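**Q**
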Ligand SMILES: [Zn+2]
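In the working numbering, the protein residues as written are 56 to 447.
Below you can see the structure in the form of C-alpha cells.
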C-alpha cells in the first residue's frame, strides 16, 4: 500500500467503516447505506480498490444477468504493532488491519508498576523485534494501558495502579523512537471494542468489565466507544463501598471496589492467610485447583462487583456485559455476578441482559487495539444524507 492511501479522507473512512462492519458490500448496497449518487460511490470504491484497502470478494448471488461485484476490506493491506500492557503481564503483537497476528505474539512478564524507566526499554525492544518481523514498516502502533488516557494529550493521567506513569508521554516517545504514528488507549476500552466488533457486532450497547489486578469497564454505545469527558468513563473500580470504609485502595482513597474485589486485593488477602498468591493470575489458579478459601473469596468478590454493576445496568441499560481479565473469565465469579444482578428487582434493564465471559480472552486487547487504530487512521464521516452535497 502506498502513502497516498493514508490521506485520511473521511468519505473513504465511511466506506471502509461500512465494509468492515458488514463484511462486504456492493456498489448498490453502499449507495443505499450512504445515500450517495452511484457516480460518487464508484469514485470512492475505485480509489480504495486502487490503494489496496478494498479488494474484490465473492460474487453476490443474484437472479440472472451480471452479478454485482462484492467488496471486502483488505485486512492484509498493511500491518500494525499493537500492545495490551497490564500491571504484571503484557502482550504485544504484529497484526494485520483486522487484528489477526502475523507472527506469534510476544508475552512479557513485565512489572509495569516499576515505572517507565524500568519497563519502557523492555517494551521498546519488543516493538523493535515485531517491527523487524514485518515485510514493510507498520502503518501505526497502538498500545493499551490500565490507566485513564487524557483526551487532549493522549497521555496516561492519574493512574491508580501505574502511578509512576502519570503524565508520561508514551505515545510521543514511541512515535519519535520508531517514526510511526502511535496511539495510546485505556486497556479496557481496547478490550470492549475488540469483543464488540468481533463477537457482538449486532449489540448496540456493551459493557466490558476487566477483573484483573484492578477492576475497570469499557463502554460501547451505539457501536462506538464512549470515553467520557476526561477519558475516565467506566472507572468503576474506584466506586466507594461504605461497608469497607477502612480498606485502603491503591488510589489513596478508602473503600473502593477494587480494594475489596480486585485481583491484587484478593492476592493480598490470601497472602495474609500465610498462603502464596502473587497476583490475580495466581488467585485464578488457586480457584481452579479447588481451594475452598479462594473459591469463597471469589464468590464474594462477584457479589460486590455485581452490586456496582447493577447501578451501571440501570444507567446504561446495555444489551451485553462481557467479563474479562484473569479473574473475570472464571466461571465461579461469572455465576456470582449473574446471581447478584438477577437477585435485584431491576425490571426492564436487566430482563434481557446477557452476561457472558470474554470470548477473545487474552487477545481482546490486541484485536480492539487494531480496530481502534484503523478507526483513527481512516476516520469516518457519519452516514447521514446531509453530507452528500460536499462529496459530489
Ligand atoms: Zn480506589
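Beta carbons are placed, not taken as given, at the ideal position from N, Cα and C, and that holds for glycine. Given the structure is predicted, the values throughout are model-derived calculations rather than measurements.
1. In chain order, what are the residue ranges of uninterrupted alpha helix (DSSP H) at least 4 long that sit wholly in the region 202-248?
2. So, at 6 Å on beta carbons, what are the nonlocal neighbours of residue 389 in its own chain, with the 5 sequence-adjacent residues on each side left out?
3. Mark residue 410 as exposed unless 16 or more other C-beta atoms lie within 10 angstroms of its C-beta, in which case mark it buried.
4. Can you name the start and end residues of the alpha helix (DSSP H) that residue 291 belongs to?
5. Which of the three DSSP states is assigned to residue 110 in this structure?
6. Since residue 156 sits in a beta bridge, which residues does DSSP pair it with?
7. Counting only runs that start and end within the region 268-320, where is the alpha helix (DSSP H) found for 4 or more residues in a row?
8. Around ligand 1, what residues have a beta-carbon under 7 Å from a heavy atom of it, in chain order?
9. What's the gap between the Cα of residue 396 and the Cα of residue 368?
10. Going by the DSSP bridge assignment, what does residue 80 pair with across the sheet?
11. Measure the C-alpha to C-alpha separation of residue 92 and residue 125 and round it to an integer number of angstroms.
12. May I ask which residues mark the beginning and end of the beta strand (DSSP E) holding residue 361?
13. Alpha carbon to alpha carbon, how far is residue 285 from residue 241?
14. Take residue 277 as the anchor and find which of 251, 270 and 144 has the nearest alpha-carbon.
15. Look up residue 69 in the DSSP assignment and say whether it is helix, strand or coil.
16. Going by the DSSP bridge assignment, what does residue 344 pair with across the sheet?
17. Are there 16 or more other CB atoms within 10 angstroms of the CB of residue 407, so buried, or fewer, so exposed?
18. I think residue 67 touches residue 112, with their Cβ atoms under 8 Å apart; what is that distance to the nearest whole Å?
19. The beta strand (DSSP E) with residue 385 in it runs from where to where?
20. Could you have a look at residue 89 and say whether DSSP puts it in helix, strand or coil?
21. Report the residue from 156, 203, 350 and 211 whose alpha carbon sits nearest the alpha carbon of residue 273.
22. Out of curiosity, what's the CA-to-CA distance linking residue 432 and residue 360?
23. What is the rounded straight-line gap between the Cα of residue 321 and the Cα of residue 144?
24. Closest to residue 77 by CA distance: which of 161, 220, 165 and 255 is it?
25. Out of curiosity, what's the CA-to-CA distance linking residue 398 and residue 289?
26. Mind checking who residue 139 pairs with in its DSSP beta bridge?
27. Is residue 87 buried or exposed, if buried means 16 or more other CB atoms sit within 10 Å of its CB?
28. Compare the C-beta of residue 189 against all C-beta atoms of chain C and say whether one is closer than 9 Å.
**A** On the basis of the supplied data:
1. 225-233, all fully within the region 202-248.
2. Within the chain shown, the letter at position 334 stands for residue 389. Cβ neighbours of residue 389 beyond the five flanking positions: 378 and 412.
3. Taking the chain shown and counting its residues from 1, the one referred to as residue 410 is at position 355. It is buried - the Cβ of residue 410 has at least 16 other Cβ atoms within 10 Å.
4. As a working mapping, residue 291 is identified with position 236 in the chain shown. Taken as a continuous stretch (DSSP letters only), residue 291 belongs to no alpha helix (DSSP H), as it is neither H nor E.
5. For the purposes of this step, residue 110 is taken as the residue at position 55 of the chain shown. In this structure, residue 110 counts as strand in the three-state DSSP scheme.
6. To locate residue 156, count along the chain shown from 1; it is residue 101. 150, per the DSSP bridge assignment.
7. Runs of alpha helix (DSSP H) with 4 or more residues, each lying fully within the region 268-320, are found at 312-316, listed in chain order.
8. 215, 292, 293, 304, 305, 306, 308, 311, 313 and 314
9. Numbered from 1 along the chain shown, position 341 holds the residue referred to as residue 396. Numbered from 1 along the chain shown, position 313 holds the residue referred to as residue 368. So the alpha carbons of these two residues sit roughly 9 Å apart.
10. Reading the chain shown from its first residue, position 25 is the one you call residue 80. Partner(s): 126.
11. By 1-based counting over the chain shown, the position of residue 92 is 37. By 1-based counting over the chain shown, the position of residue 125 is 70. Each residue's alpha carbon lies about 18 Å from the other.
12. For the purposes of this step, residue 361 is identified with residue 306 of the chain shown, where counting begins at 1. Looking at the DSSP string, residue 361 is not in any beta strand (DSSP E); the run it does join, the alpha helix (DSSP H), is 347-371.
13. To locate residue 285, count along the chain shown from 1; it is residue 230. To locate residue 241, count along the chain shown from 1; it is residue 186. The alpha-carbon atoms of residue 285 and residue 241 are separated by roughly 12 Å.
14. Translated into the one-based positions of the chain shown, residue 277 becomes position 222. For residue 277, the nearest C-alpha among the options comes from 251.
15. Here residue 69 is taken as the residue at index 14 of the chain shown, counted from 1. Of the three classes helix, strand and coil, the one that applies to residue 69 here is helix, per DSSP.
16. Reading the chain shown from its first residue, position 289 is the one you call residue 344. Answer by DSSP bridge pairing: none, since residue 344 is not bridged.
17. Residue mapping note: residue 407 aligns to position 352 of the chain shown, counting from 1. Classification for residue 407: exposed.
18. Here the question's residue 67 lines up with position 12 in the chain shown. Here the question's residue 112 lines up with position 57 in the chain shown. Between residue 112 and residue 67 the Cβ distance is about 18 Å, and since that is not below 8 Å, they are no contact.
19. By 1-based counting over the chain shown, the position of residue 385 is 330. Residue 385 -> no beta strand (DSSP E), and no H or E assigned at all.
20. Reading the chain shown from its first residue, position 34 is the one you call residue 89. Here residue 89 sits in helix by DSSP.
21. Within the chain shown, residue 273 is the residue found at index 218, counting from 1. Checking every option, the nearest Cα to that of residue 273 belongs to 203.
22. Within the chain shown, the letter at position 377 stands for residue 432. Within the chain shown, the letter at position 305 stands for residue 360. Taking the straight line joining both Cα atoms gives about 36 Å.
23. Residue mapping note: residue 321 aligns to position 266 of the chain shown, counting from 1. Residue mapping note: residue 144 aligns to position 89 of the chain shown, counting from 1. So the two alpha carbons sit approximately 17 Å from each other.
24. Counting from 1 along the chain shown, the entry for residue 77 is found at position 22. Ranking the options by Cα distance to residue 77, first place goes to 255.
25. Taking the first residue of the chain shown as 1, we reach residue 398 at position 343. Taking the first residue of the chain shown as 1, we reach residue 289 at position 234. Approximately 23 Å between the Cα atoms of the pair.
26. By one-based count along the chain shown, residue 139 stands at place 84. Within the DSSP bridge table, the entry for residue 139 names 146 and 199 as partners.
27. Counting from one through the chain shown, the residue named residue 87 turns up at place 32. Looking at its Cβ environment, which holds fewer than 16 other Cβ atoms inside 10 Å, residue 87 is exposed.
28. In summary, chain C is missing from the structure at hand, where a single protein chain is found.
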